[in-house]
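Enquirer:
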Amino acid sequence: MNAPLIGARVQRKEDYRFLTGTGQYTDDVALPNQTHAAFVRSPHAHAKIRKISSDKARKAPGVLAVYTGEDLAAAKVGGLPCGWLITDVNGKPMKEPPYPPLAQGKVRHVGERVAVVVAETPEQARDAAEMVKVDYEELAAVADVGKARNGPALHDIAPDNTCYVWALGDKAAVDAAFAKAAHVTKLDFWNNRLVPNAIEPRAANAVYSRADDGYTLYVASQNPHVERLLMTAFVLGLPEAKVRVVAPDVGGGFGSKIYLYGEDVVVTWAAKQLNRPVKWTAERSESYVSDAHGRDHLTTAELALDKDGNFLAMRVKTTANLGAYLSTFASCIPTILYATLLAGQYKTPHIHCEVTAVFTNTTPVDAYRGAGRPEATYVVERLVETAAREMKIDPVEIRRRNFIREFPYQTPVALCYDTGNYPATLDAVLKLADVQNYPARKAQSAKNNKLRGIGYACYIEACGIAPSNVAGSLGARAGLFEAGEIRVHPTGTVTVFTGSHSHGQGHETSFAQVVADRLGLPMEAVEIVHGDTSKVLFGMGTYGSRSIAVGGTAIVKALDKIVAKGKKIAAHLLEASESDIEYDRGQFKVAGTDRKKMFGEVAFAAYVPHNYPLDKLEPGLNENAFYDPTNFTFPAGSYVCEVEVDKETGATQIAAFTAVDDFGKIINPMIVEGQVHGGLAQGIGQALTEGCRYEDSGQLVTGSFMDYCIPRSSDVPLFKVDTRETPCTHNPLGVKGCGEAGAIGAPAAVMNAITDALGVKDVPMPATAQTVWRSMKQAA
Amino acid sequence: MHAFEYHRPASTKEALSLAGKKEEGRYLAGGQSLVQAMKLRLSSPSDLIDLSSIKELGGIKASGSGVEIGAMTRHADVAGSKDVQKAIPALAALAGIIGDRQVRHMGTLGGSIANSDPAADYPAAVLGLGATITTNKRKIEADKFFKGLYETALEPGELITSVAFPAPKRAAYMKFKNPASRFAIVGVFVADFGGGNIRVAVTGAGPCAFRQADMEKALAAKFAPESVANIKVKPAGLNNDLHASPEYRAHLITVMAKRAVEAALGVRPQT
């Protein structure tokens, strides 16, 4: 008998190799006859390509080939597909402009891939890439989301740069509710554009084998099976069975490694042309212009209330920047994952949201930690806090008055929340943050010549996007299930194959905890395998905080099959009826007796079937399962942020940050706390320091760590975090997911605190010292 | 990075001789700016003449009137030097907040001031303390050294060998950091040499470090925070970037100067 592992603070198994430098990342993969690729990228935001001269580069030392968009077109290499079809308000499909892996005829953002040079060494490739001369005819550009519709057209099929205008909700009901409202709160804001900055830059290394006409692509990806599916079916037209995609150790993604990128396609294609492995690893400067960015919404939001502060309706108009091309899941982020979250934790009866998605001469925008949900939470929680202040109602009280308290709850924006307990997290966070003694802290700050403010955010998240058939009816072009396989070895140890992917989340530990706990085995008996299409049967990867809720459930379903088969074997060995066998923490027992077989004995019998019901049962103990959830999961939580503002400089420090989250059942509290800390840091980064800026000409101003400020440890306080457990009702583990919560709830809490400190209605994000100083000056 | 020839001379004489022969060559001090530019392929010297093995360019010498610091002395060594801490604590403190730990263990005094980055910290101390820069050819007063954006009085091939800092009666440096790069958006060094001899030097705000004469005059009359608190600096000519407008920088010069005076008086810790 082993102690329960679900809920235990088990040290991370993977950390030994990460902390000792023995992780194996894509760039660490060095293959025989390795070659190296360097991309020629556009220096212009918008230009026609008149001519590409690559003769000099081709003759440079070590150069093996130079390829351009024309070469790919001649080889019938397709464009990069978009995985979600949005249907606009007129019932027409969104505009889907071609997205060639290497530019054809025109470039549409700084950093767009124009050509690739393959050489013997990375330096030779890079040197030769500088020798490729591209004759550009510069065109007028538009980078600003607010100016896109009247800007120069990027794509012929979208002359007004509009991909779609989409809406959700009952507009007539909303308008009627606003007409009779006692109070309307209105806010206009920009949800600032972010650059993902995973610690490991993107990388790809492809090898082709003439022996079997097969390819292997090593790639820093969050979802290798999806990468393979999209690349083989839509772009290269290869048989899926001939392509193996391996995502080895991956150093963070935050969404930016979900997508199929042109570089991955080009190195795979080039590997066959040259019959040599081709590797590319991004430099950080390339990451800034080529990893999909996040957010960039321009929004007008209104909340209608009755005289008692009850929410009557919400009206939201958002223009979302998609960048120059449609990245893999770009279209569903500002729609399906945004507007559907606008009910938040509240019983607002009527909500209408209209989203105009636009093309601009900027790097494509796609999911970034939270993906739509931070933007929605920002809308809801800034509106709620502002309305409370305007109506002189306590911001905590106005939330309580409007909380959803009965479940399941059907929102007016499509989602149905299965369960939740919003007052519980709010009560807990008020206590943990010691809100009752806030006035004393404010007074102390004032003595130190600092302005102190307090802000709240009660967020809701929808994780584990599902079910596949509903998503399909909304435009998804992929399934949203997960797959898992349990391979019990003859000696009773277990290898678990999961289609979800760990790039920092700690799956090798928390998934092993689930399996070891359920089977009653020690942690050491369980190994987790992920990230290799040749090992894992299938998978949709990791994004949207789905891994434990969807991937974990697939594993549990496979475990159930293992136990069911084990019972049959045990019944034979124990000469008992199968219905009398119970499985209890590593032992198959005959109910009501002391007769039992250990898990390992049953496994051994399955593989050495000398005493085995071969007439009725196949040997072996290996099961797989696919799980398609019936609903999203709905983590929720309450955050309290206190800030201190330097009155003279505007410099703002987070004085305290307290978070109480309800993630349902928790597998490993230590890992969950780490996820929350990281999410909070990123949310605080969005609020205070991170703002991706383009010049009007489309040049990226914040193209390096010199100008783009990701938060450092000194920018965040020691977080106080706690959890409440309201188990999810529709998966067997009761889990909900925790990866994005911090990034979703934190920005609104921080900005609510800053506006409170300054006594102003709004301060734009990121609230840098200069921005806060300007707000103070304007208010004075 | 483009390919280059690497040289590591053992003496100043040998370094100068190499520099004379390699037209596209550059001296390599701590490499905290040059190597970054080379990695970005913005700078492609044919030869790098690494000064790190030249013993006569290192070391810190205390004298009755201050400290003389070898050009190749790393920031961390200046910050940790008992002699500097004793003679000019503000200089040690300044060196201790340059960049980050890695930068401070590579970057050098000579490299920093020869580069004259508009946002570097050391120029504020050199100018604020009225230091004397010694090169292989001559001595240059701080007031005549910084000429503009990345521009100094140094002639091609001329090599800084040491910098002599006179010890003030009291001094402090206050820096408002760029949150991303940790360079100075505005840094103000205030030094009081007694007898109304006040120097106020500003870095980060203009094309290169400069002195703030009106503040020096006000502090000479009375060395107190209120002497500078109401001096409005004109924004015209100050740097303008994503992080700070000329107006904000002008405002910060006043705030940082006031805080530097407070720190010099010991009523506020130096940051």
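As given, the protein sequences belong to chains C and X, one line each in that order. First residue of the first sequence: 3, per this note's numbering; consecutive thereafter. First residue of the second sequence: 94, per this note's numbering; consecutive thereafter. Yeah, the Cβ is synthetic: ideal placement off N, Cα and C, and Gly gets one too.
Taking C-beta pairs closer than 8 Å, name the residues in chain X that Q772(C) reaches, listed in chain order.
Expert: The sequence position of residue 772(C) within the first sequence is 770, counting from 1. Those are H336, A337, S338, Y341, listed as they occur along chain X.
Enquirer: In three-state terms, what does DSSP make of I462(C)?
Expert: Within the first sequence, the letter at position 460 stands for residue 462(C). Residue state, collapsed to three classes: strand.
Enquirer: Go ahead and label N35(C) buried or exposed: buried means 16 or more other beta carbons lie within 10 angstroms of its beta carbon, across all protein chains shown.
Expert: Numbered from its first residue, the first sequence carries residue 35(C) at position 33. N35(C) comes out exposed.
Enquirer: Please list the partners that A298(X) has in chain C, where partner means a Cβ-to-Cβ separation under 7 Å.
Expert: Residue numbering aside, residue 298(X) sits at position 205 when the second sequence is read from its first letter. The contacting residues do not exist; A298(X) stays about 13 Å from chain C at best.
Enquirer: Is V256(X) closer than 8 Å to I226(X) when the C-beta atoms are compared?
Expert: One-based indexing of the second sequence puts residue 226(X) at position 133. One-based indexing of the second sequence puts residue 256(X) at position 163. Contact flag set, yes.
Enquirer: Going straight from the alpha carbon of M3(C) to that of K599(C), what length do you get?
Expert: As a position in the first sequence, residue 3(C) is number 1, starting the count at 1. As a position in the first sequence, residue 599(C) is number 597, starting the count at 1. Reliability fails at M3(C), whose pLDDT of 46 lies under 50, so the model's placement of it is uncertain and the value that follows must be treated cautiously. When rounded, the distance between both Cα atoms is 13 Å.
Enquirer: Helix, strand or coil: which one does DSSP assign to Q799(C)?
Expert: With chain C covering only 3 through 782, there is no way to say anything about residue 799(C).
Enquirer: Residue range of the beta strand (DSSP E) that K53(C) falls in?
Expert: Taking the first sequence and counting its residues from 1, one reaches residue 53(C) at position 51. That run of the beta strand (DSSP E) goes 49-55.
Enquirer: Is the beta carbon of G192(X) less than 8 Å from the beta carbon of Q129(X)?
Expert: Taking the second sequence and counting its residues from 1, the one referred to as residue 192(X) is at position 99. Taking the second sequence and counting its residues from 1, the one referred to as residue 129(X) is at position 36. The answer is no: Cβ separation not under 8 Å.
Enquirer: Do A155(C) and D698(C) come within 8 Å of each other at the CB atom, strictly closer than that value?
Expert: Here residue 698(C) is taken as the residue at index 696 of the first sequence, counted from 1. Here residue 155(C) is taken as the residue at index 153 of the first sequence, counted from 1. No, the pair does not count as a contact, with Cβ atoms beyond the cut-off.
Enquirer: Taking C-beta pairs closer than 8 Å, name the residues in chain B that S320(X) reaches, listed in chain order.
Expert: In the structure shown, chain B does not exist; the protein chains are C and X.
Enquirer: Alpha carbon to alpha carbon, how far is T388(C) from Q363(X)? Give it in angstroms, no decimals.
Expert: What you label residue 363(X) is simply residue 270 of the second sequence in a count that begins at 1. What you label residue 388(C) is simply residue 386 of the first sequence in a count that begins at 1. The straight-line gap from Cα to Cα measures roughly 38 Å.
Enquirer: What distance in whole Å lies between the Cβ atoms of V531(C) and T497(C), which are believed to be in contact at a cut-off of 8 Å?
Expert: Position 495 of the first sequence, counting from 1, holds the residue named residue 497(C). Position 529 of the first sequence, counting from 1, holds the residue named residue 531(C). About 6 Å; that satisfies the 8 Å criterion.
Enquirer: Assess, as a yes-or-no matter, whether the stretch 591-606 of chain C is touched by the stretch 445-453 of chain C under the definition of 3 or more beta carbon pairs within less than 8 Å.
Expert: Contact fails: fewer than three Cβ-Cβ distances are below 8 Å.
Enquirer: Excluding the five sequence neighbours on either side, which residues of its own chain have a C-beta within less than 6 Å of the C-beta of E392(C), listed in chain order?
Expert: What you label residue 392(C) is simply residue 390 of the first sequence in a count that begins at 1. The residues are T187.
Enquirer: If you follow the beta strand (DSSP E) that H299(C) is in, where does it begin and where does it stop?
Expert: Locating residue 299(C) in the first sequence gives position 297, where the first residue counts as 1. Element bounds for H299(C): 299-307.
Enquirer: Give me the chain X residues within the contact set of V703(C), using Cβ-Cβ distance strictly less than 8 Å, ordered along the chain.
Expert: Position 701 of the first sequence holds residue 703(C). Correct list: L335.
Enquirer: Please name the residue in T704(C), E16(C), R714(C) whose C-alpha comes closest to that of G693(C).
Expert: Looking up residue 693(C) in the first sequence gives position 691. Out of T704(C), E16(C), R714(C), T704(C) has the C-alpha closest to the C-alpha of G693(C).
Enquirer: Residue ranges of each alpha helix (DSSP H) run of no fewer than 4 residues wholly in the stretch 544-610 of chain C, ordered along the chain?
Expert: 554-575, 601-609
Enquirer: Please report the straight-line C-alpha distance between G522(C) and A39(C), rounded to a whole angstrom.
Expert: Here residue 522(C) is taken as the residue at index 520 of the first sequence, counted from 1. Here residue 39(C) is taken as the residue at index 37 of the first sequence, counted from 1. Straight-line Cα distance between these residues: approximately 49 Å.
Enquirer: Could you tell me whether any Cβ in chain C is nearer than 8 Å to the Cβ of V283(X)?
Expert: By 1-based counting over the second sequence, the position of residue 283(X) is 190. With 8 Å as the cut-off, V283(X) does not count as an interface residue toward chain C.
Enquirer: Please classify P63(C) as buried or exposed, where buried requires at least 16 other C-beta atoms within 10 Å of its C-beta.
Expert: Locating residue 63(C) in the first sequence gives position 61, counting from the first residue. Exposed, because fewer than 16 other Cβ atoms sit within 10 Å of the Cβ of P63(C).
Enquirer: Kindly list, in the order they appear in chain X, the residues whose Cβ is closer than 7 Å to that of M784(C).
Expert: Here chain C has residues from 3 to 782 only, and residue 784(C) is not among them.
Enquirer: Can the beta-carbon of T493(C) be found less than 8 Å from the beta-carbon of F606(C)?
Expert: Here residue 493(C) is taken as the residue at index 491 of the first sequence, counted from 1. Here residue 606(C) is taken as the residue at index 604 of the first sequence, counted from 1. Contact flag set, yes.
Enquirer: Since D648(C) is in the beta strand (DSSP E), which residue starts that stretch and which ends it?
Expert: Numbered from its first residue, the first sequence carries residue 648(C) at position 646. Counting along the chain, the beta strand (DSSP E) containing D648(C) begins and ends at 638-648.
Enquirer: Which ranges would you report for the alpha helix (DSSP H) in the stretch 351-429 of chain C if only whole runs of at least 4 residues count?
Expert: 375-392, 397-404
Enquirer: By the three-class DSSP mapping on this structure, what secondary structure does A514(C) have?
Expert: Counted from its first residue, the first sequence places residue 514(C) at position 512. If DSSP states are grouped into helix, strand and coil, A514(C) belongs with the helices.
Enquirer: Count the other C-beta atoms from every protein chain shown that fall within 10 angstroms of the C-beta of A134(X), then say buried if there are 16 or more, exposed otherwise.
Expert: Sequence index remark: in the second sequence, residue 134(X) carries index 41 (1-based). In the sequence on display, residue 134(X) carries Arg and not Ala. Exposed.
Enquirer: Beta-carbon separation of G681(C) and G744(C) under 8 Å?
Expert: Translated into positions along the first sequence, residue 681(C) becomes position 679. Translated into positions along the first sequence, residue 744(C) becomes position 742. Contact: yes.
Enquirer: When you compare each of R714(C), A76(C), S289(C), N152(C) to A205(C) by their alpha carbons, which one comes out closest?
Expert: As a working note, residue 205(C) is residue 203 in the first sequence. The candidate whose alpha carbon is nearest that of A205(C) is S289(C).
Enquirer: Just checking: is the beta-carbon of P249(X) within a distance shorter than 8 Å of some beta-carbon in chain C?
Expert: Taking the first residue of the second sequence as position 1, residue 249(X) is located at position 156. P249(X) does not count as touching chain C.
Enquirer: So, at 7 Å on beta carbons, what are the nonlocal neighbours of S777(C) in its own chain, with the 5 sequence-adjacent residues on each side left out?
Expert: Translated into positions along the first sequence, residue 777(C) becomes position 775. Here S777(C) has L760, V762, V765 as same chain residues with Cβ atoms under 7 Å from its own Cβ, once five neighbours each way along the sequence are excluded.
Enquirer: Going by the beta-carbon positions, is the gap between L434(C) and V398(C) smaller than 8 Å?
Expert: Indexing the first sequence from 1 puts residue 434(C) at position 432. Indexing the first sequence from 1 puts residue 398(C) at position 396. In this structure, V398(C) does not lie closer than 8 Å to L434(C) by Cβ.
Enquirer: In the DSSP assignment, the alpha helix (DSSP H) including K2(C) goes from what residue to what residue?
Expert: With chain C running from 3 to 782 in the structure shown, residue 2(C) is simply not present.
Enquirer: Buried or exposed: which applies to T1(C), given that a residue is buried once 16 or more other Cβ atoms fall within 10 Å of its Cβ?
Expert: Outside the displayed span of chain C (3 to 782) sits residue 1(C), for which this structure offers no information.
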